[in-house]
Structures are given as structure tokens and as C-alpha cells.
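Read the structure below first, then the notes.
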Amino acid sequence: MEQAPPDPERQLQPAPLEPLGSPDAGLGAAVGKEAEGAGEESSGVDTMTHNNFWLKKIEISVSEAEKRTGRNAMNMQETYTAYLIETRSVEHTDGQSVLTDSLWRRYSEFELLRSYLLVYYPHIVVPPLPEKRAEFVWHKLSADNMDPDFVERRRIGLENFLLRIASHPILCRDKIFYLFLTQEGNWKETVNETGFQLKADSRLKALNATFRVKNPDKRFTDLKHYSDELQSVISHLLRVRARVADRLYGVYKVHGNYGRVFSEWSAIEKEMGDGLQSAGHHMDVYASSIDDILEDEEHYADQLKEYLFYAEALRAVCRKHELMQYDLEMAAQDLASKKQQCEELVTGTVRTFSLKGMTTKLFGQETPEQREARIKVLEEQINEGEQQLKSKNLEGREFVKNAWADIERFKEQKNRDLKEALISYAVMQISMCKKSLTLSPRLECNGMISAHYNLRLPCSSNSTSSSRVAGITGVCHHA
Amino acid sequence: MDMNSFSPMMPTSPLSMINQIKFEDESDLKDLFITVDEPESHVTTIETFITYRIITKTSRGEFDSSEFEVRRRYQDFLWLKGKLEEAHPTLIIPPLPEKFIVKGMVERFNDDFIETRRKALHKFLNRIADHPTLTFNEDFKIFLTAQAWELSSHKKQGPGLLSRMGQTVRAVASSMRGVKNRPEEFMEMNNFIELFSQKINLIDKISQRIYKEEREYFDEMKEYGPIHILWSASEEDLVDTLKDVASCIDRCCKATEKRMSGLSEALLPVVHEYVLYSEMLMGVMKRRDQIQAELDSKVEALTYKKADTDLLPEEIGKLEDKVECANNALKADWERWKQNMQNDIKLAFTDMAEENIHYYEQCLATWESFLTSQTNLHLEEASEDKP
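Taken in sequence, the protein lines are chains B and V. Residues in the first sequence are numbered from 216 upward in steps of one, following my numbering. Residues in the second sequence are numbered from 2 upward in steps of one, following my numbering.
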């Protein structure tokens, strides 16, 4: 399998250990209360059609969330949510699943895992985490992290995150990931011992490279533009969607206000009374139907949000490329200048301004021995530099090759997922329309206008037109 | 001339008898057709005002011609209403649209305001035309047929403004007394009116609010579709899907617009008219009470020999007749009004329900066809992949 060649600066290379699972791992998505061993159906998670090297499959699920209190780093009491991660291994032969591991993790540990993966797999588009804080909120949604609906959606998002990693051909074999799933205590220490924080590229360095790089691979530049566009358009979409949801909520709920008024009115109406009651009831049911509808839509929004965050992951890969390319260019430049210096010393011509040249002019020429010494040093440096340049070049090309392979994989996944999301949106709209239609039964009343809401009209065949008071047991009593 | 055609002393014309019997099927025997349209702005040195064109078509004998076209302004309608109330104090006169809209800026010449007012004025005149008694009112006929100068000279003949104001003051004072002796049936009527007024006002507010929410929803949806088109520009493989989603959203948007306009055409004006009706009804109750109060005060005077008692019995007799006529008129008109109200309200809400159903059916069809097209595409692609 492709592995990024060891970066000379970063000695640690996460070695793949015991066979974790097949590239098809994480196929079972036991989402919440759904049946275990869901089998081959994945919740939109990509599977590579690789040879199945491993006999065992594993299923991962984030099945529960729990409120906890504890002490934070500053020894102050805090409340947080912990999530139960269950891992099951599925016997290839008979499909039975056995619970192998189960432990609790909190959101910050997921973040730690991801940070680690970003450092060690810079050429991979690392799956994003569900949002830290609720964004694109519309008025009913709570922005509070402890809100049960938010926690539930986060649980699903975290499960999705783990499944994405588990189904990635390279990431799934990482040891730290394996330990994340299996080793409850001490895991944080183990991660930190890798010293990955130190290996991370400084943001400043990366920014510098982005501005100064001269010849980045055009594909990466294009990819960067694409990711910017993706982020901008999805943000816009989510913002407007939130506003639309808000308005829709308003429309449904105000209809509910009719309910009480109709029911109070029905008390004074002898004839229309039943009709009003029934109408009022329908209004109430209609108004309350919006809650479920919008909850479903939140899941759609979450699917889009994942790709919003993926845009950042794409950019991270581009940044790494720019950094490497810049590094390469700097090394090449450095080498070229050293060669030139050497040449000048050898030939005695001074083509470029140098301090040495000036001081020589002022303080006299240096001795031939001094010159020789300097030439020797330079030649050594040039040799070293050439070696370094060669390896950097190789590194760069490997990076581009590997990164691009993952980007292609990502693109296919994205196309599939987004298409599915859009289709699921259509399905949601259909279900909403059907629901609202079933709340409005049509009734025929003696061939008169089809009455919605079960209103009973005084059918003209019943009352005789000669008497003005026919059928009306109203307020007036005629003498 | 006593305009009350329900009084047993009044000779009834064959036409009005037919109207009494078949008031439920009025539309079949309509012989007076009125339309209000073409609002026009008039500017003079003193003021600016709007006139409306009123076209009347009729087959009635008492009209000189079969077609009339006149122009009237709001003031003229107010005059007509006043005259009808005067002539028939205990009949339920249809309400006029408000003088002003008490909501922020008063834009008398705003297009929506004018259109809403025009529709309401049209309704007003047609309600009078459909009323078994009011339709034969002389002032009504003059309103529909007289030229502008004829109308103004006719207007000047009636009791002046001051005397009418005096009547109102007396009415308020004596209506207090009338409430005490109100017969049972009118107590019930009053209770109904109070409750009805509360409820219809609430319904009016709710309906306006629904319209507002639907409008805001529509505004947001308009922006929602095009974003998908924008997105399709950067996604090669999803272009068709995104464009299709955008067009579905746009179609649902149009359906929303239709739903909104249905609400504002069918439901809102009806509910609002009944809000105004509820105010009218309270006025009618007061006037009935006042007529009764007049009788009661005379009876009191006779009982306690307060004033000159010679003429009292005759006056009391006349007033007793007056009270009986007023009560009968109101009772009959009340039944008719209630019937109409129930039909109108039911129709309005039924229409709203129909609009909602159409809306959801349309949206359903839109998304279902999208889904079918996606599934077909998927099947096509799948069969292409197979060897």
C-alpha cells in the first residue's frame, strides 16, 4: 500500500500493527437503536474495492451519549458529554458479531485523534469532525452544546467520522486509531508521546509558503480554488436553508393558533360547532407536524456540513504541498547560490556583490590557502545540498502522487454522497407533502362543495325554503 | 313612508314577497347587478380623492333605464350607509371598509389599499342589493343612478349632521336604560355577538399573520433555488442533479405564491368583513335598545304620572308598534345574517383548505418527478456499467 516516505525531519512513522480490519471495515453502521450487524449496507461510507486481505471485519458504532461531570485542567468542575464507542468483530464466515471493545470518549479526544492524523498523513484528505458549536442555527434550534438534539446529532456525526476513517485504505491501519477504539485509559498519553504536536508545521510557515511559492502544481492550485468555492457555496446554502426552515416553522405554528379560537367559537355555534371543533383539531395536528419535518431536515444539513468541513481538509493537503514545494524551491535556490559562489571563487570573477568581495577590496585579498579552504567547504555543502535536493524532489513527487490518489478517491466519494444527500432531500420534501395532505381529508357533503375539515353545511335538500327558520335552533324564539 | 317591509301594515310588492320566501336562493332571482371598478384619482385645489366607477344593470321596472354608470367617492358611500341606518335602525346594514388603516403610515393612495377598498365597496353594494329590504331603499337607488350634481342636491335634503349627532347622544343615554329590559332572545343575541366579535377579531389577526409568514417564507425560498445553480458551476458530476433541484425549488416557490394569493383573495377579505360586521351588530343592538328605551320611558311616565298623561296612551301605542317592528325586523335579519355568516366562513376556510391541498399536491408532484428522473438515470448508468 502507498505510504508516505519517511520525512527526514519526522522520524516517527506510525507502523501498521496487527491486522486491524479490512478496507471494508466499518461497513456495519449500527446507528443508535438500529439493528446490530446491519451487514453490507453502509451509511453512505465509501468502500474501496480492494482485495480483502483480512479475515475479520469490524463494526464500529457510537451508540450512546451521556452527561458527565468532572474536573478540568484547572481543577474546576465542568459538565461534558461522553460517547460510548462499541467495536464488534464480525466473523467472515457466519456473519455473527461479537462485542470486542467498548469505551467512552469525549469530543476533545476525537479532536486529538484528528490532529494526530493530520500531522502524520498530510497527503490524505482527513475526514472532518462534526461541528464544535452549532452553526447555521435557526431560532428553534438550541445553540447549547448540552441540548439533547444537538448531542444526538453529534453522536451520529462522530460515528460517521470513525466509519470514514475505518473505511479509508490507509488511515484504517493506523495504530493510534486502533488504540483509540480499544484502549480507554492512557490513550491521551500515548498520543502525546508520539510528539506529534512538535512535528506539526507551524501555521506561520505554511502561510509564508503559500505566498512565496513560485511553481506549485497547477492541480493543487485548482483544488484550492475549488475548495474555496465549495466552502462558500455550502455556507450560503446552509444559511438560507436555516432561514427557510425558520419561516416554514412560523407558517405551520401560526396555523395552530386557529385551533384554540375555533374550539372556543364552537361553544356558541349550534350548527357549525362540530365543524369548527374538527377544524381546530386539524389545525393543531398540522402545526405540530412541523417539528418532526424540520428535525429530519437537520440531518440533511449535517450531511452538507460534513462537506463544508471537508473543504478545509482539502485545503490542508494543498497547504502541505505548497510547503514542500516552497521548501524545495528554497533548497534549489540555496544550492544555486552556493554553486555560483563557488564558481566565483574558483574563477576569481566577482559577478555579484558580496560582503566578502567588499571587504577583500578594502582590506586586501585573502590568501590562496584561505580561498582553497572556502572552496572546499562550499563544495561539501554543494554535494550535501544536491543530495538533499534530490531527496526533496523525490519526496515531493511521492507526495503529489499519493495525495492525488487520495483526492481522486475523495472526489468519487463526494459525488456519491452529495447526490445521495440531494435525493434524500427530495424524499424529505415528498414525505412532508404527503404528511400535510393526509391531515387534510376531503369529504363530500351531499354533493355540495368538498368540505375540508369535516364542516357540515346545511344541505339545501334538508331545509325547506318556505320557512326562514327551518333547521335553525338558534338564538331567536319566534312567537 | 315606513320602509319596514316586514311590518304587517305594509303592502308588500309581489317581488319583495318572493324575496322574503326564497332568500336562500337569492342568486337565482337576481335582477340587480352592480360592479365597482376603475379607481381614479382626482386632484383639486383643496384636496385629492379617489372615485370609483359603479355600473348597475337591472331589469326592475322602478329603474328608468336598464344600465347606469356613475362615479362615487368614499364620502358618498358613507352617506348611503348613514341613510340606510337611519331608515332601518334595526336591520343589519353591511359594513363599509375602514376610513383609514391604523397601521403605521397612512398611505391613502397606495395601490394595494385602493384595490382592497374597491373590492370591499363592491361587496358592500352587492350585499345591499341582495338584502330583501334594503335593495328597495330609495336612497340606494339614487346612489346607483343619480349624476353627481343630482346626488349632492339630494344629500342636502336629509337631516343635518348636527341633528344626527344629537340623536347619537340621546341614543347612548337611553340605550343604558334599554339594556335592563332587554328580552331574553336579545340577551342571547348580544352574548353571541360579543363572543363572535372576540373570536372573529382573533381569527382576523391570525389570518393576517399567516399571510405575513407565508410571504416571508416565499421571499427566502426565492433565494434558495438559485444557490443550487451557483453550486452546479463548480461541480461537473452533479450539474444535472443540482439544476433539477433548483428547478423543483422554484416550482414550489411559485406554488407558494399561488397559495398566498388564494389566502389574500378568499380568506382575508371575508374574515375582515365579519370583523367590521361584528362592530355593526353592536350598533344595531344599541339602536334596538334605544327604541325600546323610548317606549319604556313613556310607560314609566304614564305609570308615575310624571307628565301630561292625555296623549301618552296614543304615543305608547305607536311606540309599542315601533318596538315590535324593530324587534321583528332584527330577528328576521339576524337569522338571515347568521345563515350567510356560516356559509361565508365555511366557504372561506374551505377555499383556504383547497388552496393548501393544491399547494401540497403540486409540490409532491414536482419532487416525485425529480426522484423518478434520478432513479431512471441511476438505472441507466447501472446498466451501462454492466458488461
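Glycine is no exception: its CB is placed at the ideal position from the N, C-alpha and C atoms.
C-beta neighbour in chain B for E86/V, strict 8 Å: The count along the second sequence starts at 1 and reaches residue 86/V at position 85. Chain B contact via Cβ: absent.
P40/V - DSSP class collapsed to helix/strand/coil: As a position in the second sequence, residue 40/V is number 39, starting the count at 1. Looking at P40/V - three-state DSSP - the assignment turns out to be strand.
Cutoff 8 Å: N287/B Cβ touching any chain V Cβ: As a first step, residue 287/B is located in the first sequence; it is residue number 72 there, counting from the start. By this cut-off, N287/B is not an interface position.
Residues of its chain near W518/B, where Cβ-Cβ distance is below 6 Å and the 5 sequence neighbours each way are ignored: Numbered from its first residue, the first sequence carries residue 518/B at position 303. Before going on, a small fix: residue 518/B reads as Gln here, not Trp. So the list reads A636, once near-sequence residues are dropped.
Whole-number beta carbon distance between N127/V and A88/V, since they are thought to touch under 8 Å: Here residue 88/V refers to the residue found at position 87 when the second sequence is read from its first residue. Here residue 127/V refers to the residue found at position 126 when the second sequence is read from its first residue. Incorrect: roughly 19 Å between the Cβ atoms, too far for contact.
Check whether R329/B and T296/B have beta carbons under 8 Å apart: For the purposes of this step, residue 329/B is taken as the residue at position 114 of the first sequence. For the purposes of this step, residue 296/B is taken as the residue at position 81 of the first sequence. Not a contact, by the Cβ cut-off of 8 Å.
I385/B versus V428/B, E479/B, P343/B and A618/B, residue with shortest Cα-Cα distance: Your numbering for residue 385/B matches position 170 in the first sequence. Closest option to I385/B, Cα to Cα, is A618/B.
Through-space distance from Y331/B to Q540/B, alpha-carbon basis: To locate residue 540/B, count along the first sequence from 1; it is residue 325. To locate residue 331/B, count along the first sequence from 1; it is residue 116. Distance between the alpha carbons of Q540/B and Y331/B is about 23 Å.
Cβ shell of I56/V (< 6 Å), same chain only, five flanking positions each side left out: Position 55 of the second sequence holds residue 56/V. Only T36 and E70 meet the Cβ criterion.
Proximal residues of chain V, C-beta to C-beta of C648/B below 8 Å: In the first sequence, the residue the question calls residue 648/B occupies position 433. Those within 8 Å of C648/B in chain V are Y361, E362, C364, L365 and W368.
Whole-angstrom C-beta distance between I194/V and L282/V, which should lie under 8 Å: Mapped onto the second sequence, residue 282/V falls at position 281. Mapped onto the second sequence, residue 194/V falls at position 193. 5 Å between Cβ atoms; contact.
Chain B within 8 Å of L372/V, Cβ atoms only: Mapped onto the second sequence, residue 372/V falls at position 371. Interface residue, yes.
Reduced DSSP category for V277/B - H, G, I as helix; E, B as strand; rest coil: As a first step, residue 277/B must be located in the first sequence, where it is residue number 62. Of the three classes helix, strand and coil, the one that applies to V277/B here is strand, per DSSP.
Alpha helix (DSSP H) segment containing D506/B, residue limits: For the purposes of this step, residue 506/B is identified with residue 291 of the first sequence, where counting begins at 1. That run of the alpha helix (DSSP H) goes G488 to T562.
Residues near A383/V in its chain [Cβ-Cβ closer than 8 Å; skip 5 each side]: As a first step, residue 383/V must be located in the second sequence, where it is residue number 382. So the list is empty, once near-sequence residues are dropped.
Between the CA atoms of D362/B and K403/B - distance to the nearest angstrom: As a first step, residue 403/B is located in the first sequence; it is residue number 188 there, counting from the start. As a first step, residue 362/B is located in the first sequence; it is residue number 147 there, counting from the start. Computed Cα separation, rounded: 27 Å.
S8/V at chain B interface by Cβ criterion, 8 Å: Stepping through the second sequence from its first residue, residue 8/V is reached at position 7. Note that S8/V scores 44 on pLDDT, short of 50, meaning its location in the model is unreliable; the coordinates nonetheless yield the value given after this. Output row for S8/V: interface = no.
As assigned by DSSP and simplified to three states, the class of S478/B: Against the first sequence, residue 478/B aligns to sequence position 263. It is helical.
Selection of the segment 199-225 of chain V by Cβ proximity to chain B, strictly under 7 Å: K200, L203, I204, I207, R210, I211, E214, E215, E217, Y218, E221, M222, E224 and Y225
Exposure of I47/V, with buried meaning 16 or more beta-carbon neighbours within 10 Å: Stepping through the second sequence from its first residue, residue 47/V is reached at position 46. Flag for I47/V reads exposed.
Interface positions of the segment 224-238 of chain V facing chain B (Cβ-Cβ less than 7 Å), listed along the chain: E224, Y225, I228, L231, W232, S235 and D238
Simplified DSSP state of F50/V, which is helix, strand or coil: Reading the second sequence from its first residue, position 49 is the one you call residue 50/V. In the structure shown, F50/V sits in a strand (DSSP, three-state: E or B).
Opposing strand residues paired with Q292/B [DSSP bridges]: If you number the first sequence from 1, residue 292/B lands on position 77. According to DSSP, Q292/B bridges with R286/B.
Which of helix, strand or coil DSSP assigns to R61/V: Position 60 of the second sequence holds residue 61/V. In the structure shown, R61/V sits in coil (DSSP, three-state: anything other than H, G, I, E or B).
Whole-number beta carbon distance between I275/B and L377/B, since they are thought to touch under 8 Å: As a position in the first sequence, residue 377/B is number 162, starting the count at 1. As a position in the first sequence, residue 275/B is number 60, starting the count at 1. Correct: roughly 5 Å between the Cβ atoms.
Segment contact flag, the segment 246-254 of chain V with the segment 280-298 of chain V, C-beta cutoff 8 Å, min 3 pairs: no
Nearest-angstrom Cβ-Cβ length linking G465/B and M498/B, presumed shorter than 8 Å: Here residue 465/B corresponds to residue number 250 of the first sequence, with the count starting at 1. Here residue 498/B corresponds to residue number 283 of the first sequence, with the count starting at 1. That pair is no contact at about 15 Å.
For Y298/B, the residue or residues it bridges with in DSSP: What you label residue 298/B is simply residue 83 of the first sequence in a count that begins at 1. Looking at the DSSP assignment, Y298/B forms a beta bridge with A280/B and R320/B.
Residue from K433/B, L538/B, E346/B and E595/B whose Cα sits closest to the Cα of K553/B: On the first sequence, residue 553/B is found 338 positions in, with the first residue counted as 1. Comparing Cα positions, the closest option is E595/B.
C-beta atoms of N608/B and L543/B nearer than 8 Å: Mapped onto the first sequence, residue 608/B falls at position 393. Mapped onto the first sequence, residue 543/B falls at position 328. Cβ atoms of N608/B and L543/B: closer than 8 Å.
Closer than 8 Å at the beta carbon, the chain B residues around V246/V: Taking the second sequence and counting its residues from 1, the one referred to as residue 246/V is at position 245. Residues of chain B passing the Cβ test: L637, Y640 and A641.
Three-state secondary structure (DSSP) of F101/V: Here residue 101/V refers to the residue found at position 100 of the second sequence. Coil at F101/V, not helix or strand.
Opening and closing residue of the alpha helix (DSSP H) in which V366/B lies: Reading the first sequence from its first residue, position 151 is the one you call residue 366/B. Start and end: P363 to A381.
Contact with chain V by R530/B, beta-carbon distance below 8 Å: Walking along the first sequence from the start, residue 530/B turns up at place 315. No, its Cβ sits nowhere closer than 8 Å to a Cβ of chain V.
Proximity test, Cβ basis, 8 Å: E610/B and chain V: Position 395 of the first sequence, counted from the start, is the residue given in the question as residue 610/B. Chain V contact via Cβ: absent.
Sequence-distant residues of its chain with Cβ nearer than 6 Å to I211/V (five each side left out): Residue mapping note: residue 211/V aligns to position 210 of the second sequence, counting from 1. Answer for I211/V: no residue qualifies.
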